[in-house]
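Structure first, then comments.
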Amino acid sequence: MTTSADRALLVLADLGEASARAHTEATLVPAVSAALARHLPLRRLDLRRGAAAPGAPEVQRGASGETIAVFALRDAEGAVGCATMALGEGATLDLSTALLEAIGRLLAVALRQVQVLGRVAAIARRAQGEKRTLQEELDRVALPREVVAVGPAMRAIFQQMVPLVARQDTTVLVRGETGTGKEVIARRIHALSRRAERPFLAVNCGALPEGLVESALFGHERGAFTGAAARHRGMFERASGGTLLLDEVGELPRAAQAKLLRVLQEGEIERVGGEGAVRVSVRVIAATHRPLEAMVASGAFREDLYYRLQVFPIVVPPLRERPEDLEPLTRAIVEKVAASFGRTPPRVSAESMARLRAHGWPGNVRELENVIERSMVMSTGDELILSAPLSAAPGARRARAQDDVSRGGAALHRRRAAGGGREDLRRGRGRGRAGAEADDAAKQDAKTRDAAGGWREGLMIREDLPAPRTQRGSTQPAAVLGGSGFRAPQATRSPER
Ligand SMILES: Nc1ncnc2c1ncn2[C@@H]1O[C@H](COP(=O)(O)OP(=O)(O)OP(=O)(O)O)[C@@H](O)[C@H]1O
Ligand SMILES: [Mg+2]
931 MTTSADRALL
941 VLADLGEASA
951 RAHTEATLVP
961 AVSAALARHL
971 PLRRLDLRRG
981 AAAPGAPEVQ
991 RGASGETIAV
1001 FALRDAEGAV
1011 GCATMALGEG
1021 ATLDLSTALL
1031 EAIGRLLAVA
1041 LRQVQVLGRV
1051 AAIARRAQGE
1061 KRTLQEELDR
1071 VALPREVVAV
1081 GPAMRAIFQQ
1091 MVPLVARQDT
1101 TVLVRGETGT
1111 GKEVIARRIH
1121 ALSRRAERPF
1131 LAVNCGALPE
1141 GLVESALFGH
1151 ERGAFTGAAA
1161 RHRGMFERAS
1171 GGTLLLDEVG
1181 ELPRAAQAKL
1191 LRVLQEGEIE
1201 RVGGEGAVRV
1211 SVRVIAATHR
1221 PLEAMVASGA
1231 FREDLYYRLQ
1241 VFPIVVPPLR
1251 ERPEDLEPLT
1261 RAIVEKVAAS
1271 FGRTPPRVSA
1281 ESMARLRAHG
1291 WPGNVRELEN
1301 VIERSMVMST
1311 GDELILSAPL
1321 SAAPGARRAR
1331 AQDDVSRGGA
1341 ALHRRRAAGG
1351 GREDLRRGRG
1361 RGRAGAEADD
1371 AAKQDAKTRD
1381 AAGGWREGLM
1391 IREDLPAPRT
1401 QRGSTQPAAV
1411 LGGSGFRAPQ
1421 ATRSPER
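Laid out in structure tokens, this is it:
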């Protein structure tokens, strides 16, 4: 036989279990109602947090004969609220004060728990939001796998300067020796900028013949000069909304320098033979390996343009000055080449690494890429055999390159005056012979790759359609950061005339 005390305990046990499973107020009331309804003819249960409750439970008879109990929800810390319970006829369980108080205590604990869980959920939601924001920040500085920046100098560039400057439309001047990664930096800035969905165009100013520089950059109207059969949109118009990399900006003739200054200051261009300005929104990144200061001093480069470009300079150190990057770069390049060859990346022995470290790398990362690719063509085993020699007389090359740095400007203008020829254009260079020779030496490997087909050195204009976004704030520009190895996958084109 069950006593009323036993049944009261059963009610409490059921109630405890039901309330422990409820995590919100919305689930608590139905769970508790269901538990009570198993034992009592429950018509209605109402829990009100914060409501005033009588000191002792009150049991009244309602107008339609139902039993109404009003009691406090109280735990050790005090009153949490108030409960009203209406029972239909046949409420056989004795609603003693002790039972109602016990039910009130249980429900108070459940309500407090629901409250705490609510707060925890809010904190978790906030933390989740903060985590997302942090993740987005990290995405901005996290580099694509193909880009190596291990040493402090390159880390500062890729993880601090580039993400910072990418947010604004500030003109950036990237300086550094040939093959150091100036274009990699330019593409990264573009990829992290709000212009990432728009085109990235690169033009080698040193490869444009003097007579066509302005037309190539700013466009021309029909009939502007002999042969101008139709209107032509220049690089600035074609890069509209996006980013334009002016590679070898030091090679621009004076007239084009003046026009460039105007775009940077007014955001306007004028087509050759055109009347009136055309507004353009283009972020300009200029790159050079020339000593612009000396060129300003000799009059080869406009001082006002120099200061306009110098707003945010990024100086890329040569590979020989960042030994920490050599090994990770080697590994990354070996993997990239192996993937493009469809084979397992070979091991690089300690001796090979020592040889690579001993080399001066006048052609910087591009030279390293060429050495590795050449070696991988030659060695088919599971260990990389470096082709010997790594390159001829690197010291001599560097000396010549540095010599050119001081003579470049004047030589350039002499060369142009003499009508820098087609040969230069075809080879992607239209500047001074000293410069061309020094670069020929430093980029000799690149030309080897040209012969193998697919390498883009020497092409004057490179144009990327916006790459698909892979993660927030990061695109994989086709030519440098992504793609399959060395077969430059971006659209390339010959200069338009
Ligand atoms: N940090 C890097 N991580 C991985 N690859 C790199 C890095 N820097 C440069 N490279 C690779 O080296 C090659 C040369 O880089 P890039 O074209 O950006 O150099 P550059 O400074 O613009 O050269 P140039 O002065 O000849 O125009 C590219 O194939 C590029 O992918
Ligand atoms: Mg470049």
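For the sequence shown, the working numbering assigns the number 931 to the initial residue and increments by one for each residue that follows. Note that beta-carbon positions come from the ideal geometry of N, C-alpha and C, so glycine has one too.
Query	Result
DSSP bridge partner residues for D1234 (one or two, in chain order)	According to DSSP, D1234 bridges with nothing at all.
The alpha helix (DSSP H) enclosing D1255, as first and last residue numbers	1253 to 1271
Assigned secondary structure, G1008 (DSSP; H/G/I helix, E/B strand, else coil)	strand
Chain-ordered list of residues that sit, by beta carbon, closer than 7 Å to a heavy atom of ligand 2	K1112, E1113, D1177, A1217
Neighbour-count burial assignment, E1060, 16 or more Cβ in a 10 Å radius	exposed
A1051 versus F1271: straight-line alpha-carbon distance, rounded	51 Å
E955 beta carbon less than 8 Å from that of F1001	no
For P987, the three-state DSSP class (helix, strand or coil)	coil
Proximity test, T1260 beta-carbon vs ligand 3 heavy atom, cut-off 7 Å	In the structure shown, ligand 3 is absent; the only ligands present are ligand 1 and ligand 2.
Every unbroken alpha helix (DSSP H) within the region 1150 to 1206, with a cutoff of 4 residues, ordered by chain	1165 to 1168, 1184 to 1196
Beta-bridge pairing of L1017 - partner residues as DSSP gives them	L972, T997
Test item: CB-CB of L972 and A1013 under 8 Å	no
Beta-carbon proximity of E1107 to G1136, cut-off 8 Å	no
Secondary structure of V1102, DSSP reduced to three states	strand
For F1148, the first and last residue of its enclosing alpha helix (DSSP H)	1143 to 1148
Backbone CA spacing between L940 and A982 [nearest angstrom]	28 Å
Cβ-Cβ separation, V1104 to K1112 (assumed contact under 8 Å), whole Å	4 Å
Residue interval of the alpha helix (DSSP H) (run including V1114)	1112 to 1122
Cβ-heavy atom distance, G1059 to ligand 1, below 7 Å	no
Collapsed DSSP secondary structure at R1055 in the structure displayed	helix
Rounded C-alpha distance that separates T1110 from V1246	7 Å
Residue environment, A935, which counts as buried when at least 16 other CB atoms sit within 10 Å	exposed
Given V1295 as reference, the closest of R1261, A964, E1151, R1124 once Cα atoms are compared	R1261
Beta-ladder partner(s) of E1313, from DSSP	R1277
Residue environment, I1199, which counts as buried when at least 16 other CB atoms sit within 10 Å	buried
Sequence-distant residues of its chain with Cβ nearer than 7 Å to Y1236 (five each side left out)	L1222, V1226
Pick from P1129, Q990, Q1045 that is closest to G876, judged by C-alpha positions	With the chain represented from 931 up to 1427, any question about residue 876 goes unanswered, as that position is not in the structure.
Length of the line joining the Cα atoms of H953 and L1041	9 Å
Burial state of P1129, where buried means 16 or more other Cβ atoms lie within 10 Å	buried
Three-state class that DSSP yields for L1320 in the structure shown	coil
Three CB pairs or more closer than 8 Å across the region 1295 to 1315 and the region 1274 to 1282	yes
M1091 beta carbon near ligand 1 (any heavy atom closer than 7 Å)	no
Closest Cα partner of R974 within the set A1284, L1142, G992, R1125	G992
Spatial neighbours of M1084 in its chain, beta-carbon cut-off 7 Å, leaving aside the 5 residues before and after	R1252, D1255
Whether A948 touches A967 by CB criterion (8 Å)	no
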